[in-house]
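Quick note, the sequences are listed as chains A, B and C, same order. Mapping of the first sequence onto the working numbering: position 291 corresponds to residue 1187, and the numbering continues sequentially without gaps. Mapping of the second sequence onto the working numbering: position 81 corresponds to residue 101, and the numbering continues sequentially without gaps. Mapping of the third sequence onto the working numbering: position 388 corresponds to residue 406, and the numbering continues sequentially without gaps. This report concerns only the one structure given below.
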Amino acid sequence: MQWEAVIGLEIHAQLSTQSKIFSASATSFGAEPNTQASLIDLGMPGTLPVLNAEAVRMAVKFGLAINAELGRTNVFARKNYFYPDLPKGYQTSQMDHPIVGKGYLDITLEDGTVKRVGITRAHLEEDAGKSLHEDFHGMTGIDLNRAGTPLLEIVSEPDLRSAKEAVAYVKAIHALVRYLGICDGNMAEGSLRCDCNVSVRPRGQAEFGTRAEIKNVNSFRFIEKAINHEIQRQIELIEDGGKVVQETRLYDPNKDETRSMRGKEEANDYRYFPCPDLLPVVLEDSFIEQVRGELPELPPQKRERFQSQFGLSAYDASVLSASREMADYFEAVQQVCGDAKLAANWVMGELSSLLNKEGLDIEQSPVSAAQLGGLIQRIQDNTISGKIAKMVFEALANGEGETADAIIEQKGLKQVTDTGAIEAMLDEVLAANAAQVEQYRASDEAKRAKMFGFFVGQAMKASKGKANPGQVNQLLKKKLEG
Amino acid sequence: MALERSDVEKIAHLARLGLGESEIPQTTETLNNILGLIDAMQAVNTDGIEPLAHPLETTQRLRADVVTEENHRDEYQAIAPAVENGLYLVPKVIE
Amino acid sequence: MHQLTLAEIARALAAKQFSAEELSRELLGRIRQLDPQLNSFITVTEEQALEQARAADARRASGENGALLGAPIAHKDLFCTRGVLTSCASKILTGFKAPYDATVVEKLAAAGTVTLGKLNMDEFAMGSANESSHYGPVKNPWDTSRVPGGSSGGSAAAVAARLIPAATGTDTGGSIRQPAALTNLTGLKPTYGRVSRWGMIAYASSLDQGGPIARTAEDCALLLGAMAGFDPKDSTSVDQPVDDYLAALNQPLTGLRIGLPKEYFGNGLDSRIAERVLAVVEELKKLGASVKDISLPNMKHAIPAYYVIAPAEASSNLSRFDGVRFGYRCENPQNLEDLYKRSRGEGFGAEVKRRIMVGTYALSAGYYDAYYLKAQKIRRLIKNDFLAAFGEVDLILGPTTPNPAWKLGEKANDPVSAYLEDIYTITANLAGIPGLSMPAGFVDGLPVGVQLLAPYFQEGRLLNVAHQYQQVSDWHTRTPTGF
C-alpha cells in the first residue's frame, strides 16, 4: 500500500507591537511575573478592550504579502472556555470574518523546485498567559504578562505532502514575518508557534484521512521529527487494522514521539459569538494602499532581482535573500565593491562560516558590510591576494583594526607585485634549491607538474605570502624552463 | 425542545457551575419554562434580515501603539485569593 | 434638607444656606435611621463622604460653583469605586475592593459630587424586583411589603425615601425606568454609547447603559450632563458632543408629535395605568403636542429576543468570576474543576445561574442559529420599527410597566412572570434608543410611570417633555409616608 501524507499547519506569530492588542501594557519578553498585566489583561470586572492600530497594520501587511483577499469588514469573536491562563474565561479572536482571507506563499523545496502553498486565512487574536507547573506546594502558578499579546494565526491549506515540505513552509513564513518586521520569529521564546495537522491516505485517494493535531512544536527540527513520527504512527495504526482518532497530541522531543492529550481537550464547545465590546473593523482603501506602500521588497522579488540584476545563480540568490538582514548585508557589500559575485562568495563563504562557528546572527557580525566591501576592493586592485585577504578578514573579526586598509598597513601585508623584486626573490629560491631545480629539469611533464607546487610553496614562504601568486606562477615557470 | 436532566448537567459543566443534586430538578423545570418563552421566536419570519449585533452600527476605533500602563502588581494582587512570588496560585493543572 | 432636589441643593449651597458637610451629615443620619426598613444600601462610606464633602466646601470657598459641587449621591453597586467594596450584590464579589474608579464615578467626582455609599441591586443587574441580592431584598418605601423594582432597586428606594436626592443606576432591559416608575421617580436610560461603560461591571454589553435616577427631570438633566461623554477606554462609547440638557428643559412643546403604539394597550396592561397614561397625553396636548396612533408590530417578540441576547452575553461576561484573581474562592478546592464549579456554584445566586445557563445553551453548538442569531435578527426588526415610527413622530409615549409594584415573594419562584413585566422597556435597549420614565399618578396608592422614547441622542427631548409635564403636575413631589 502506497501512502500519502497530508499536512496543514497553523502558525501563531506574536506580533512585535510595543503594546498589547487590547490594552496599553508592554509586550517585552522576560519581565517579572504579572508586572506587565494591567486591569484589562487581568480581566478585572468592568474593563473593556480597545484595539491596537499597529496590530491591524501588521496583519494587513501580511495579507498583502501573501496576495490575500482582505477582510474589509472584519469582526472579533469570543472563544469561550475555562483555563487559568485565560483570565476572562474567553479568548478574543476572529471567527467568521477574519482580517485576512485566502492567499498563498511560494516556497522553494530542497531540490530547487517551487511549490505554491495555499493559505486559508489569517486572523488576529489575543495570547493567553503562562502556567508554571513547578511545585508551589501542589499548586500551579499563573503569570499573565503574556495575556493580551497580539497574535496572528496563519492557517495553511492542507497542501503539504511531507515533513520536509512542512519545514520549508514554516521557514518561509518565518522569513516572511521577519522580512515584514511584524514578528521576530524567535521560536525558543515562543514568538512563533506551530500546530501541525497530519493525516494519511492511500495514494490516489481523493478523500482526506482523519487528522490528528500536534500542538505547539517549537523548532524546525522538532516539526520535522514530530510530523515524520506522526505519519509513521498513523500508517502503522491503520495497517494494523486501527482507525486514526481526531485528537490533539503533544510532541515529546526527549522520547521522539507524540502523545495523546485526549483527557484535556474533550469536546470543547467554544460558543463563538461576535464580541459585543468591540465593533466591526473596517479597512478603508486609503489605509490599505498606505500599507501596501510600506511593504519592503519581498523574498520572491528579491530572489528574482538578485538573479537578473546581479547575475547570481538561483541557488545563491535564494540563500542571500533568505533573510532581510542577509540580503541587506550582501547588497551593502556589493555597493562598496561593485562585484556581486565576489560579494556573494565572501558572504556565503568566509562570513557564514565565521557566523556559524561563533553562533552569531548576521546582525551581530563582527565584520560590517562596509569593512568586508573595503576588503574585497583590495583584492580587486591587487593590493592583497585572496589568501592574505582571509587573514585580513580574521583580523577584522578580532577587532584588530577599523578597516582592511588599516590592518594591511599595520601588518605590512601589501602584496608584492614588483616584477623585479619577485624575480630577485625567485632567483634566490632557485639558488637555494639547486638540486630540486636540476631534478625538475630532468623530469617529464607529469612529474614537473607535481614538483611545481614545491617551488611555489618556497616562493610564498620566502615572500611571507606577499608575492602576487599569479606573477609568481608565471615567472617561476619561465625560470624553471631555463 | 425540552431539556432533560443530562442536558442541564452538560450546560452546567460548560459554564463551570456546580449544581447540587437537589438543585437539578428545579433548575431543569425553570430552564424549560424560560425556553418555552424563548421558543416563541421561531414563529417570526426573519428571512433576509441581517442580524443586529450592536444597536448603533458604528465601527471600531483604533488606539495608537504606545505603552502607557505601569506595573501595579502589588496593588492588584492585594485582592487576590492566593498569590506567591507574584504568581496567581490555582490547584495544580495536569497537562 | 433631605426634601431638596439636586437643583435646590445647588442653589442653597451657592447661597451658603448650609455646607456640603452639614448636608451629608444629615443624610448619613437619615440613612442610619431609616435604611434598615429598606435595605437600599450595601455599603455606606461615611468617612470618605465627609472628606469629599469638606473638599467640595473648600472648592466652593475658593470660587468654584458647579451645580453638582457638594451634591450628595450614591452609586449602584456595579460601578467600580476604588478601594470600596463593589459587589454587584453578589457573594462572588465578596471582599472585592475595586482597584480603580469607573469613568462615571470619576466624572461625577470631578464635578464635585459626594458619594455616600453603594446601592443595593439585583445580583449582576439580573432582575426586576431587587429580590435576588446576596445582601437581601430591597423594599419599596411606598409600601415596604412590596418590591421597588429592579435591577436598580436600591437606587430607586434610596432616592424615593429621600435618603439621597439622586443616584446612578444602570438599565439593560428597563432597570432604571421600571424601578423609577414603581417608586414615583424620574429615571433615564441614555442612548447606547452615550455614557461610558468603563468600570460599569457588565451584564449584557450591547444593552447596558448607565443613567440617572432622581425626583425630577431637571435633576436627571444635571446628573446626565456630568455622566455623559465620549470615553476612549470604551470602544462602544460614541464620540458625540454632550448636549446642554439644562438648556433643553425649557423648550416649548408646540409642534411636538407624539406617537402612541397601539400594541401597548393590549390585554396585559392594568386598565388604570392605561387611564393614567392617557391623562398624561391630555396634559401634553394642552402644552401644544399632537398625538397619533403608531404601530410597533414586532414588539411582542422583544421579550424572547432579549432573554436570549442578554443571557448569552452575560454567560460570557461572567466567566471571569472564577475564584482565581479576585473575589470569592471556595474552601479547599480539590482541583481546578472543583475550584471553578464550587466557587461559581456557591458564589452566584439562583437567577444568575439560570441566566448563565440559558445563555450558554443559546450559544452552544447546534443552537446558535435558532437562538442567538434569530434573536439578533428580531433585534433588527425592532430597531426598524422604531426608525419607521420616528419618521412619523418625535416621541413615543406609553406606560413604563403593565402593573404597579407587586408583593415581595410574589414572583420570586416564577422568573418568567417577572420577565413579562419588562414588555415596555426592553425594546429601547434592543434598539439602543434613549428612554425616560416619569411619575404619572397612583393606582391603589402605588406609583405608576409613563415612559417616553426618543430617537438616538435625543435625551434632551426626553428631559424637556418630562420637565414641562412636571411644571403642570405634582405627582413627582409626593413623598412616601414615614420617609
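We put the CB at the ideal spot given by N, CA and C, even for glycine. Nothing here was measured: the structure is a model prediction, and the numbers come from that model.
| message | Please report whether the beta-carbon of B:L76 lies at a distance below 8 Å from any beta-carbon of chain C. | response | Walking along the second sequence from the start, residue 76 of chain B turns up at place 56. By this cut-off, B:L76 is an interface position.
| Cβ neighbours of A:V1288 in the same chain (closer than 7 Å, five flanking residues each side left out) | Locating residue 1288 of chain A in the first sequence gives position 392, where the first residue counts as 1. L1271, I1280, A1300, I1303, I1304, L1309, listed in sequence order.
| query | How about B:V87: is its C-beta nearer than 8 Å to some C-beta of chain C? | reply | Residue 87 of chain B sits at position 67 when you count from the first residue of the second sequence. False, the Cβ-Cβ gap to chain C never drops below 8 Å.
| message | Quick check: is the beta carbon of B:G106 nearer than 8 Å to any beta carbon in chain C? | response | Counting from one through the second sequence, the residue named residue 106 of chain B turns up at place 86. No, B:G106 lies away from the interface with chain C (no Cβ there is under 8 Å from its Cβ).
| query | With burial defined as no fewer than 16 other Cβ atoms inside 10 Å of the residue's Cβ, what is the status of B:V86: buried or exposed? | reply | For the purposes of this step, residue 86 of chain B is taken as residue 66 along the second sequence, with counting starting at 1. Exposed.
| Cβ of B:A98 within 8 Å of any chain A Cβ | Numbered from 1 along the second sequence, position 78 holds the residue referred to as residue 98 of chain B. No, B:A98 lies away from the interface with chain A (no Cβ there is under 8 Å from its Cβ).
| said: For A:I1003 and A:V1010, I'd like the C-alpha separation in whole angstroms. | reply: Taking the first sequence and counting its residues from 1, the one referred to as residue 1003 of chain A is at position 107. Taking the first sequence and counting its residues from 1, the one referred to as residue 1010 of chain A is at position 114. Roughly 6 Å separates the two Cα atoms.
| field | Close Cβ partners of A:N1278 (< 7 Å) along its chain, the five nearest in sequence each way excluded | value | For this step, residue 1278 of chain A is matched to residue 382 along the first sequence. Correct list, in chain order: Q1311, T1313, N1364.
| task | Could you check if C:T499 is buried or exposed, using at least 16 other CB atoms within 10 Å of its CB as the buried criterion? | result | Position 481 of the third sequence, counted from the start, is the residue given in the question as residue 499 of chain C. C:T499 is exposed by the Cβ-count criterion.
| task | Verify the CB distance criterion: does B:I44 have a CB-CB separation below 8 Å to chain C? | result | Locating residue 44 of chain B in the second sequence gives position 24, counting from the first residue. For B:I44, the answer is no, since every Cβ of chain C falls outside 8 Å of its Cβ.
| said: Taking 8 Å as the threshold (C-beta atoms), are C:G273 and C:I312 in contact? | reply: Within the third sequence, residue 312 of chain C is the residue found at index 294, counting from 1. Within the third sequence, residue 273 of chain C is the residue found at index 255, counting from 1. Taking 8 Å as the Cβ cut-off, C:I312 and C:G273 do not qualify as a contacting pair.
| query | Would you call the CB atoms of C:T419 and C:G467 closer than 8 Å? | reply | For this step, residue 419 of chain C is matched to residue 401 along the third sequence. For this step, residue 467 of chain C is matched to residue 449 along the third sequence. Yes, the Cβ-Cβ distance between C:T419 and C:G467 is below 8 Å.
| task | Measure the alpha-carbon distance for A:I1050 versus A:A1059 and round it to whole angstroms. | result | Counting from one through the first sequence, the residue named residue 1050 of chain A turns up at place 154. Counting from one through the first sequence, the residue named residue 1059 of chain A turns up at place 163. Approximately 18 Å, taken between the alpha carbons.
| said: Strictly under 8 Å for the Cβ-Cβ distance: is B:N91 near chain A by that measure? | reply: For the purposes of this step, residue 91 of chain B is identified with residue 71 of the second sequence, where counting begins at 1. Yes, its Cβ sits closer than 8 Å to a Cβ of chain A.
| A:F1118 to A:V1094 span [Cα, whole Å] | Position 222 of the first sequence, counted from the start, is the residue given in the question as residue 1118 of chain A. Position 198 of the first sequence, counted from the start, is the residue given in the question as residue 1094 of chain A. Taking the straight line from one Cα to the other gives about 14 Å.
| field | Pairwise C-alpha distance: C:E69 and C:P90 | value | Here the question's residue 90 of chain C lines up with position 72 in the third sequence. Here the question's residue 69 of chain C lines up with position 51 in the third sequence. Approximately 12 Å, taken between the alpha carbons.
| request: List the endpoints of the continuous alpha helix (DSSP H) containing B:R25. | output: To locate residue 25 of chain B, count along the second sequence from 1; it is residue 5. That run of the alpha helix (DSSP H) goes 25-34.
| field | Stretch-stretch touch, CB-based, cutoff 8 Å, three pairs: the segment 318-325 of chain C with the segment 438-453 of chain C | value | yes
| request: Measure from the C-beta of C:M375 to each C-beta in chain B and report whether the shortest distance is under 8 Å. | output: Locating residue 375 of chain C in the third sequence gives position 357, where the first residue counts as 1. Closer than 8 Å to some Cβ of chain B, the Cβ of C:M375 qualifies, so yes.
| query | Cα-Cα, which of C:I400, C:A380, C:N350, C:D340 is closest to C:G363? | reply | Within the third sequence, the letter at position 345 stands for residue 363 of chain C. Of the candidates C:I400, C:A380, C:N350, C:D340, the one whose C-alpha sits nearest the C-alpha of C:G363 is C:D340.
| said: Below 8 Å on the Cβ atoms is my contact criterion, and I expect C:I327 with C:A246 to pass it. Report the Cβ-Cβ distance as a whole number of Å. | reply: As a position in the third sequence, residue 327 of chain C is number 309, starting the count at 1. As a position in the third sequence, residue 246 of chain C is number 228, starting the count at 1. Going by Cβ atoms, the distance from C:I327 to C:A246 rounds to 24 Å, so no, they are not a contact pair.
| Close Cβ partners of A:E1161 (< 8 Å) along its chain, the five nearest in sequence each way excluded | Within the first sequence, residue 1161 of chain A is the residue found at index 265, counting from 1. Per-residue confidence for A:E1161 stands at a pLDDT of 49, beneath the threshold of 50, marking its modelled position as unreliable; no derived number is given.
| Just checking, does the segment 1136-1155 of chain A make contact with the segment 917-927 of chain A on the three C-beta pairs under 8 Å criterion? | no
| request: Just the chain C side, please: which residues come within less than 9 Å of B:A73 by C-beta, in chain order? | output: Here residue 73 of chain B refers to the residue found at position 53 of the second sequence. What B:A73 touches in chain C: S224, Q394, R397.
| query | Grouping DSSP H, G and I as helix and E and B as strand, with all else coil, what is A:C1090? | reply | For the purposes of this step, residue 1090 of chain A is identified with residue 194 of the first sequence, where counting begins at 1. Here A:C1090 sits in strand by DSSP.
| query | Hey, C:N138 and C:G171 are a contact pair by Cβ (cut 8 Å); roughly how many whole angstroms apart? | reply | By one-based count along the third sequence, residue 138 of chain C stands at place 120. By one-based count along the third sequence, residue 171 of chain C stands at place 153. With 8 Å as the limit, C:N138 and C:G171 qualify as a contact, their Cβ atoms being about 6 Å apart.
| task | Grab me the residues of C:E141's own chain with a C-beta within less than 7 Å of its C-beta, minus the 5 sequence neighbours each way, in chain order. | result | Along the third sequence, read from residue 1 onward, the residue named residue 141 of chain C stands at position 123. Once the five neighbours on either side are set aside, the close Cβ partners of C:E141 are C106, A107, S108, S150, S151, H152, G367, E369, V370.
| Same chain, Cβ closer than 7 Å to A:L1191, five either side skipped, listed in chain order | Mapped onto the first sequence, residue 1191 of chain A falls at position 295. The residues are K957, L960, A961.
| request: For A:M897, count neighbouring Cβ atoms within 10 angstroms of its own Cβ and tell me buried if that reaches 16, exposed if not. | output: Here residue 897 of chain A refers to the residue found at position 1 when the first sequence is read from its first residue. With fewer than 16 other Cβ atoms within 10 Å, it is exposed.
| query | From the beta carbon of A:R974, is the nearest beta carbon of chain C less than 8 Å away? | reply | Translated into positions along the first sequence, residue 974 of chain A becomes position 78. Answer yes: the Cβ-Cβ gap between A:R974 and chain C drops below 8 Å somewhere.
| For chain E, is any of its Cβ atoms less than 8 Å away from the one on C:F114? | Looking at the structure shown, chain E is missing, and the protein chains on hand are A, B and C.
| Is there a Cβ from chain C that is less than 8 Å from the Cβ of B:R25? | The residue labelled residue 25 of chain B in the question sits at position 5 within the second sequence. So no, B:R25 is outside the interface.
| With a Cβ-Cβ cutoff of 8 Å, do A:L1047 and A:D1080 count as a contact? | Indexing the first sequence from 1 puts residue 1047 of chain A at position 151. Indexing the first sequence from 1 puts residue 1080 of chain A at position 184. Against a cut-off of 8 Å, the Cβ pair of A:D1080 and A:L1047 comes out as no contact.
| task | Using a threshold of 8 Å, state whether the C-beta atoms of A:A964 and A:S989 are closer than that. | result | To locate residue 964 of chain A, count along the first sequence from 1; it is residue 68. To locate residue 989 of chain A, count along the first sequence from 1; it is residue 93. Cβ atoms of A:A964 and A:S989: not closer than 8 Å.
| field | Residues that A:L1216 bridges to, as DSSP identifies them | value | For the purposes of this step, residue 1216 of chain A is taken as the residue at position 320 of the first sequence. Bridge partners of A:L1216: none, in fact.
| query | Looking at A:V1333 and A:L1372, is the spacing between their C-beta atoms short of 8 Å? | reply | Reading the first sequence from its first residue, position 476 is the one you call residue 1372 of chain A. Reading the first sequence from its first residue, position 437 is the one you call residue 1333 of chain A. It is not a contact, given that the beta carbons lie outside the stated cut-off.
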